[in-house]
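Engineer:
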Amino acid sequence: MLLEVKNLCTEFPVKRGVVRAVDDVSFEVSEGEILAIVGESGSGKSVTSLSIMGLLAEPGHVAGGEMTFDGKDLVHLSEKEYREMRGNDMAMIFQEPMTSLNPVYRIGDQIVEAIRTHEKVSKKEALTRAIDLLRKVGIPSPEARVRDYPHQMSGGMRQRVMIAMALACNPKLLIADEPTTALDVTIQAQILDLLRRLREDTDMAVLLITHDLGVVSEIADRVVVMYCGQVVEEAEVRLLFDNPMHPYTLGLLKSIPRLEDDDSKRLY
Ligand code: ADP
Ligand code: MG
2 MLLEVKNLCT EFPVKRGVVR AVDDVSFEVS EGEILAIVGE SGSGKSVTSL SIMGLLAEPG
62 HVAGGEMTFD GKDLVHLSEK EYREMRGNDM AMIFQEPMTS LNPVYRIGDQ IVEAIRTHEK
122 VSKKEALTRA IDLLRKVGIP SPEARVRDYP HQMSGGMRQR VMIAMALACN PKLLIADEPT
182 TALDVTIQAQ ILDLLRRLRE DTDMAVLLIT HDLGVVSEIA DRVVVMYCGQ VVEEAEVRLL
242 FDNPMHPYTL GLLKSIPRLE DDDSKRLY
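First residue of the sequence shown? That's 2 in my numbering, and the numbers climb one at a time after it.
#1: In or out: R267 buried (at least 16 other Cβ within 10 Å) or exposed?
#2: State the beta-bridge partners of E235 as determined by DSSP.
#3: Fully enclosed by the segment 60-97, which beta strand (DSSP E) runs are 3 residues long or longer?
#4: Can you grab the Cα-Cα spacing for the pair R84 / M91, in whole Å?
#5: Just the C-alpha distance for M163 and V48, rounded to the nearest angstrom, thanks.
#6: Check the C-beta distance from S27 over to K7 and give it rounded, since I have them as a contact under 8 Å.
#7: What number of angstroms, rounded off, separates the C-alpha of R117 from the C-alpha of F242?
#8: Can you give the Cα-Cα distance for N89 and V20, rounded to whole angstroms?
#9: How about D178: is its Cβ closer than 7 Å to a heavy atom in the ligand MG?
#10: If I measure Cβ to Cβ from F95 and keep anything under 7 Å in the same chain, skipping five residues before and after, which residues do I get?
#11: Between the beta-carbon of V233 and the beta-carbon of I35, is there less than 8 Å?
#12: Count the other CB atoms within 10 Å of the CB of T187; is the residue buried (16 or more) or exposed (fewer)?
#13: Beta strand (DSSP E) containing E29: first to last residue?
#14: Note down the Cα distance separating D202 from P14, rounded to an integer number of angstroms.
#15: What residue does the alpha helix (DSSP H) around T49 start on, and which one ends it?
#16: Which term fits R161, buried or exposed, when burial requires 16 or more other beta carbons within 10 angstroms of its beta carbon?
#17: Extract the residue ranges of the beta strand (DSSP E) inside the segment 110-191, only unbroken runs of 3 or more that lie entirely within it.
#18: For E29 and A58, what's the separation of their Cα atoms in angstroms?
#19: Compute the Euclidean distance between the alpha carbons of P151 and I220, then round it to the nearest angstrom.
#20: Just to be sure I understand the criterion: a residue counts if its Cβ is closer than 5 Å to at least one heavy atom of the ligand ADP. Which residues meet that?
#21: Around the Cβ of H212, are there at least 16 other Cβ atoms within 10 angstroms (buried) or fewer (exposed)?
#22: What is the DSSP secondary structure of L36, counted as helix, strand or coil?
#23: Looking at T129: is its Cβ nearer than 8 Å to the Cβ of G61?
#24: Per the DSSP calculation, A206 is bridged to which residue(s)?
#25: For R223, tell me which candidate among R17, G215, A37, E32 has the shortest Cα-Cα distance.
Structure, rendered in structure tokens:
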């Protein structure tokens with residue numbers, strides 16, 4: 002098993018006590034698997050992923066449970082060990098790539114920087130690698146695009162750049178938090194295709210966070226449904242769609258927009 006999360010509790014102290022944003026959450030991700038965590042806004046998906054990545058903002062903290070990644074205990078890692086792990090074994094992409102890209106540097110320089118933080122290679126070699134990575138994520142004319150600034154690219158292209166940066170370290174696990182939510186439907190489909198292809202080519206596992214069960218059905222092997230900080234259902238994607246057990250999941254399924262709004266043809 003690549004990632005094991007067992008009884009995870011994550012809390013935020015607030016004036017009137019504590020908010021338990023993640024409450025006794027357990028799931029596993031195996032090598033090369035795409036696991037989706039789905040749930041409405043505020044259900045604890047992002048806090049779960051930030052807990053795994055060791056990126057919780059103070060005073061948020063893991064209050065209980067176990068997390069093991071590639072045999073290593075995550076809960077007791079030092080900040081330095083976490084930084085090394087994030088660079089080498091796990092990477093994360095977010096909904097809005099503009100917030101993670103630095104607006105004042107060319108994207109080529111940012112990828113070069115990401116490569117050179119983790120590996121001792123020359124700038125020239127890193128640039129060649131950066132161009133290869135951009136090609137791999139489907140950016141046309143990467144030799145020219147490395148000189149672009151983030152604002153010169155579309156949202157979809159920026160998300161591809163973020164994925165390229167995440168791939169720079171050949172992670173075993175990519176955590177993608179609503180990676181397509183800010184994109185329009187066509188671009189969304191292209192990014193999902195890309196994630197699927199990368200999984201096939203690299204055998205990287207993906208923890209895909211989304212509020213959209215349509216996205217889940219497109220790409221995931223297995224799905225964990227979260228509601229109010231808890232896991233309410235976990236299943237193979239096919240099984241979940243055929244036979245949702247939890248009323249909340251049923252509600253989510255009903256909210257998937259359909260091409261035809263003819264009730265007689267509804268599947269759910
Ligand atoms: P989502 O499923 O939309 O990603 P989040 O994981 O971001 O949801 O948030 C889950 C819950 O955690 C929120 O509803 C909120 O109550 C709580 N939470 C998140 N961040 C903080 C914070 N910094 N301080 C207090 N509570 C927080
Ligand atoms: Mg979120």
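By construction, the Cβ of each residue, glycine as well, lies at the ideal position given by its N, Cα and C atoms. None of these values were measured; they are calculated from a predicted model.
Structural biologist: Short version:
#1: Counting from one through the sequence shown, the residue named residue 267 turns up at place 266. Residue confidence is low: R267 scores 48 on pLDDT, short of 50, so the model does not pin down where it sits. No coordinate-derived value is stated.
#2: The sequence position of residue 235 within the sequence shown is 234, counting from 1. In DSSP, E235 forms a bridge with V225.
#3: The segment 60-97 contains these whole beta strand (DSSP E) runs: 62-70, 91-94.
#4: Mapped onto the sequence shown, residue 84 falls at position 83. Mapped onto the sequence shown, residue 91 falls at position 90. Those two C-alpha atoms are separated by around 10 Å.
#5: Counting from 1 along the sequence shown, the entry for residue 163 is found at position 162. Counting from 1 along the sequence shown, the entry for residue 48 is found at position 47. A direct Cα-Cα distance of roughly 20 Å separates M163 from V48.
#6: What you label residue 27 is simply residue 26 of the sequence shown in a count that begins at 1. What you label residue 7 is simply residue 6 of the sequence shown in a count that begins at 1. That belief holds up - the Cβ atoms of S27 and K7 are roughly 5 Å apart, short of 8 Å.
#7: For the purposes of this step, residue 117 is identified with residue 116 of the sequence shown, where counting begins at 1. For the purposes of this step, residue 242 is identified with residue 241 of the sequence shown, where counting begins at 1. Roughly 44 Å between the two C-alpha positions.
#8: What you label residue 89 is simply residue 88 of the sequence shown in a count that begins at 1. What you label residue 20 is simply residue 19 of the sequence shown in a count that begins at 1. Rounded to whole angstroms, N89 to V20 spans 32 Å at the Cα level.
#9: On the sequence shown, residue 178 is found 177 positions in, with the first residue counted as 1. Within the cutoff, so yes.
#10: What you label residue 95 is simply residue 94 of the sequence shown in a count that begins at 1. Excluding residues within five positions, the ones whose Cβ falls inside 7 Å are S101, D178.
#11: By one-based count along the sequence shown, residue 233 stands at place 232. By one-based count along the sequence shown, residue 35 stands at place 34. Contact flag unset, no.
#12: Looking up residue 187 in the sequence shown gives position 186. Only exposed fits T187, as fewer than 16 other CB atoms lie within 10 angstroms of its CB.
#13: Here residue 29 is taken as the residue at index 28 of the sequence shown, counted from 1. Start and end: 18-30.
#14: As a first step, residue 202 is located in the sequence shown; it is residue number 201 there, counting from the start. As a first step, residue 14 is located in the sequence shown; it is residue number 13 there, counting from the start. One C-alpha to the other measures close to 43 Å.
#15: Here residue 49 is taken as the residue at index 48 of the sequence shown, counted from 1. That run of the alpha helix (DSSP H) goes 46-54.
#16: Start at 1 with the first residue of the sequence shown, and residue 161 comes out as number 160. Looking at its Cβ environment, which holds 16 or more other Cβ atoms inside 10 Å, R161 is buried.
#17: Unbroken beta strand (DSSP E) runs of no fewer than 3 residues, entirely contained in the segment 110-191, are found at 174-178, following chain order.
#18: By one-based count along the sequence shown, residue 29 stands at place 28. By one-based count along the sequence shown, residue 58 stands at place 57. One C-alpha to the other measures close to 24 Å.
#19: Working through the sequence shown from its first residue, we reach residue 151 at position 150. Working through the sequence shown from its first residue, we reach residue 220 at position 219. Near 28 Å, if we compare the C-alpha coordinates of I220 and P151.
#20: That gives F13, V20, A22, S42, G43, S44, G45, K46, S47, V48.
#21: Start at 1 with the first residue of the sequence shown, and residue 212 comes out as number 211. Counting Cβ neighbours within 10 Å, H212 comes out buried, since at least 16 surround it.
#22: Here residue 36 corresponds to residue number 35 of the sequence shown, with the count starting at 1. Looking at L36 - three-state DSSP - the assignment turns out to be strand.
#23: As a first step, residue 129 must be located in the sequence shown, where it is residue number 128. As a first step, residue 61 must be located in the sequence shown, where it is residue number 60. Between T129 and G61, the C-beta spacing is not below 8 Å.
#24: Reading the sequence shown from its first residue, position 205 is the one you call residue 206. L174.
#25: Along the sequence shown, one-based indexing puts residue 223 at 222. Measuring C-alpha to C-alpha distances from R223 to each of R17, G215, A37, E32 identifies A37 as the nearest.
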